[in-house]
């Protein structure tokens, strides 16, 4: 990517301006927290750089993405729980599904049926977190651990767990989704947020984060593929 030249198209004059993604951006872009004023574009400015054809293509892409996630969501118990698959992978990532569900929140007022999907997805996320807060993706159906290879079992996979790669942002996305529902005007959020499984999931995440601040001393979680000593690290880099 470092040497790629990207084209910015102006909707006004149709001319293209090329720049090198990294080479032409000053070092402060990558080391600081803010873009230089001449590069800090707001959404309206970005939109002006797109041609009519690019606008149409983006609108169609967004429509396909929204429709696809509705078609790939699996409901259970009349919408009480909803399993949201991530793309073409038959597993539900907490982080990815939180974004997928979050995109439906602004549309719930016009489409009340979407509320079942969002709330059902939140319940499913909460249930999975309570099962194993260190996992980051989960299976639609129970997968007998004995059906997996030994290496997968060592990594904590099997049962409801698809991958057990602890990711801090996974739980953060879940809480962010809850907060988005809390802030939604006119939405009666109290019933969902007070459901025992949702409350327990949020509480468990806080306990896990507290533990992980003292990982070596207090946490039992270890990821088998990560080297833990200088010797293991050296063997990994040399292998």
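Numbering (full-length UniProt numbering), first residue to last: 1 to 239. Backbone N, C-alpha and C define an ideal beta-carbon position, used for all residues, glycine too.
Would you report the Cα separation of residue i and residue j, rounded to the nearest angstrom?
i	j	result
residue 221	residue 91	22 Å
residue 202	residue 168	13 Å
residue 225	residue 68	34 Å
residue 57	residue 117	27 Å
Where does residue i sit, in a helix, a strand or coil, going by DSSP?
i	result
residue 158	strand
residue 225	coil
residue 91	strand
residue 147	helix
residue 127	helix
residue 167	coil
residue 86	strand
For residue i, write down the residues that DSSP places opposite it in a beta bridge.
i	result
residue 142	Paired residue(s): none; residue 142 is not in a bridge.
residue 76	81
Compare the Cα-Cα distances from residue i to each of the options and report the closest residue.
i	options	result
residue 204	112, 128, 148 and 180	128
residue 165	138, 173, 150 and 79	138
residue 115	101, 208, 190 and 126	101
residue 144	193, 157 and 200	157
residue 140	163, 155 and 134	163
Using a C-beta cutoff of 8 Å, does residue i count as contacting chain C?
i	result
residue 198	Any reference to chain C falls outside this structure, which holds one protein chain only.
So is residue i buried or exposed if we call it buried at 16+ other beta carbons inside 10 Å?
i	result
residue 81	buried
residue 214	exposed
residue 96	buried
residue 183	exposed
residue 43	exposed
residue 83	buried
Kindly examine the ligand GDP and report whether one of its heavy atoms sits closer than 7 Å to the Cβ of residue i.
i	result
residue 69	No copy of the ligand GDP appears in this structure; indeed no ligand is present at all.
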